[in-house]
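Heads up, the sequence shown is in this note's numbering, so the first residue is 16 and it goes up one at a time.
Below you'll find the structure, written out as structure tokens, and then a few comments.
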Amino acid sequence: MTSAATTASGDHAIAGSGSFDLTRAWRLNPKVALRPEPFGALLYHFGTRKLSFLKNLTVVDLVTSLADHPSAEAALVAAGIADSDRPLYLQALSALADSGMIVPGQE
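What follows is the structure in structure tokens.
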């Protein structure tokens, strides 16, 4: 994973991603299967046949808990992600949203 770019205005969107909003509810796409692995997890999208690797157990826990929270922000807080570590996790969530692995939750 690469580090996240942040917006100069400090808003909740991630630079380079028009599809990820930290204030929205998110969930694993129903067309995606998550298979836990010792290194993290494999994500397989049955619609696009895309395969993604999550190589961080905290990201796996974060992704699997998204549907339990009213926003991605709340999921980050519940996971205990420190402010200094947030850019890495925000980049991961943004990439997963861009690839359709996670989708906006039910409003």
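We put the beta carbon where it would ideally sit given N, CA and C, even for glycine.
So what's residue i in DSSP terms, helix, strand or just coil?
| i | result |
| --- | --- |
| A97 | coil |
| L57 | strand |
| S37 | Here residue 37 turns out to be Leu, not Ser, going by the sequence shown. Correct three-state label for L37: coil. |
| S67 | strand |
| P51 | strand |
| S102 | As written in the sequence, residue 102 is Pro, which differs from the Ser given in the question. Helix, per DSSP. |
Going by the beta-carbon positions, is the gap between residue i and residue j smaller than 7 Å?
| i | j | result |
| --- | --- | --- |
| A87 | L108 | yes |
| K46 | F61 | yes |
Could you pull out every residue in the same chain whose Cβ sits closer than 7 Å to the Cβ of residue i, ignoring the five residues on either side in sequence?
| i | result |
| --- | --- |
| L57 | R50, L66 and F68 |
| R42 | L81, A82, I117, V118 and G120 |
| D76 | A94 |
| S114 | K65 and S67 |
Of the choices the options, whose alpha-carbon is the least far from that of residue i?
| i | options | result |
| --- | --- | --- |
| K70 | A97, E52 and L91 | E52 |
| I96 | D113, V74 and F35 | V74 |
| T38 | T63, D76 and H84 | H84 |
| G55 | G62, L72 and A48 | L72 |
Can you list, in chain order, the residues of its chain whose CB lies under 8 Å from that of residue i, leaving out five sequence neighbours each side?
| i | result |
| --- | --- |
| S80 | A90, A93 and A94 |
With a threshold of 6 Å on Cβ separation, who are the neighbours of residue i within its own chain once the five nearest residues in sequence on each side are excluded?
| i | result |
| --- | --- |
| A48 | Y59 |
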